[in-house]
Amino acid sequence: AQSVTQLDSHVSVSEGTPVLLRCNYSSSYSPSLFWYVQHPNKGLQLLLKYTSAATLVKGINGFEAEFKKSETSFHLTKPSAHMSDAAEYFCVVSLNTGFQKLVFGTGTRLLVSP
Amino acid sequence: DGGITQSPKYLFRKEGQNVTLSCEQNLNHDAMYWYRQDPGQGLRLIYYSQIVNDFQKGDIAEGYSVSREKKESFPLTVTSAQKNPTAFYLCASSMSGPPDEAFFGQGTRLTVV
Chain A
1 AQSVTQLDSH
11 VSVSEGTPVL
21 LRCNYSSSYS
31 PSLFWYVQHP
41 NKGLQLLLKY
51 TSAATLVKGI
61 NGFEAEFKKS
71 ETSFHLTKPS
81 AHMSDAAEYF
91 CVVSLNTGFQ
101 KLVFGTGTRL
111 LVSP
Chain B
1001 DGGITQSPKY
1011 LFRKEGQNVT
1021 LSCEQNLNHD
1031 AMYWYRQDPG
1041 QGLRLIYYSQ
1051 IVNDFQKGDI
1061 AEGYSVSREK
1071 KESFPLTVTS
1081 AQKNPTAFYL
1091 CASSMSGPPD
1101 EAFFGQGTRL
1111 TVV
């Protein structure tokens, strides 16, 4: 069965330092993977997606993620955190079974201090 | 502007009542979804619909019902059979077929009083 594990429930960084949010997946098929961001009491916004093209995926707001099949990982990174990055981040795997069903990780809350 | 509109933003329900959450999209998407979000549990799929007049149960459909009479609309009813309905509910839509970005509404926070 497809699943997603986000290894940290909370990550704290200082403004201007790098961000690393970790995600591991399991999938019987070639997966499609996404990172979404959610600000408090808001809907989710797509940051980036991997769909079997380039393994290094660039997204919005300076985020990027690298698909590593050998490690079954899809970690999200950003070189320099900004205060506005404080939010909850979800790693998501899509079941490629003819109809898109999204399986969400439990989320990582990113805290950014001045 | 194209997007998904959920209403109301906040909803209070008395025990034993049914309530209906609205979801409308003008993105011309075929697929629509309802998710429930609880703290520390991510999003869980309640129901989804691939085309008009067709929908399937997700992982936690008990105590919920939906309809898809129009492509643009996918209302969710939380019935009195749902034992723990207090949660944040998110509606989403996407193009059917190959994996594609899902667009989300702003959510409805339902509280039982």
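So the sequence lines, in the order shown, correspond to chains A and B.
Those letters in the first sequence? Residues 1 to 114, per this note's numbering, in order.
Those letters in the second sequence? Residues 1001 to 1113, per this note's numbering, in order.
Note that beta-carbon positions come from the ideal geometry of N, C-alpha and C, so glycine has one too.
Backbone CA spacing between residue i and residue j [nearest angstrom]
| i | j | result |
| --- | --- | --- |
| A:Leu111 | A:Met83 | 8 Å |
| A:Thr51 | B:Ser1096 | 15 Å |
| A:Cys23 | A:Gly107 | 10 Å |
| B:Ala1102 | B:His1029 | 10 Å |
| A:Val11 | A:Pro79 | 15 Å |
| A:Lys42 | A:Lys69 | 32 Å |
| A:Lys49 | B:Ala1087 | 27 Å |
| B:Val1082 | B:Glu1024 | The question names Val, but residue 1082 of chain B is Gln in the sequence shown. Those two C-alpha atoms are separated by around 23 Å. |
| B:Tyr1010 | B:Glu1069 | 25 Å |
| A:Glu64 | B:Val1066 | 37 Å |
| B:Gly1058 | B:Met1032 | 12 Å |
| A:Asp85 | B:Gly1107 | 20 Å |
| A:Phe74 | A:Gly105 | 12 Å |
CB contact flag (residue i, residue j, <8 Å)
| i | j | result |
| --- | --- | --- |
| A:Val37 | A:Gln45 | yes |
| B:Gln1056 | B:Tyr1048 | yes |
| B:Pro941 | B:Leu1021 | There is no way to answer for residue 941 of chain B, as the model of chain B reaches only from 1001 to 1113. |
| B:Ile1046 | B:Ala1061 | yes |
| A:Ser121 | A:Ser26 | Here chain A covers residues 1 to 114 and nothing more, so residue 121 of chain A does not appear. |
| B:Ser1073 | B:Leu1027 | no |
| B:Gly1105 | B:Gln1037 | no |
| A:Ala81 | A:Val13 | yes |
| A:Glu66 | A:Thr55 | yes |
Integer-rounded CB distance, given that residue j should sit under 8 Å from residue i
| i | j | result |
| --- | --- | --- |
| B:Phe1012 | B:Thr1111 | 5 Å |
| A:Val92 | A:Leu102 | 5 Å |
key: Cβ contact (3+ pairs, closer than 8 Å) linking the region 22-36 of chain A and the region 1004-1018 of chain B   = no
request  = Mind listing, in chain order, the continuous beta strand (DSSP E) runs of no fewer than 3 residues lying wholly within the region 6-82 of chain A?
outcome  = 10-14, 19-21, 23-26, 32-38, 44-50, 56-58, 64-68 and 73-78
message = List, from N- to C-terminal side, the alpha helix (DSSP H) runs of 4 residues or more that fit wholly inside the region 1011-1094 of chain B.
response = none
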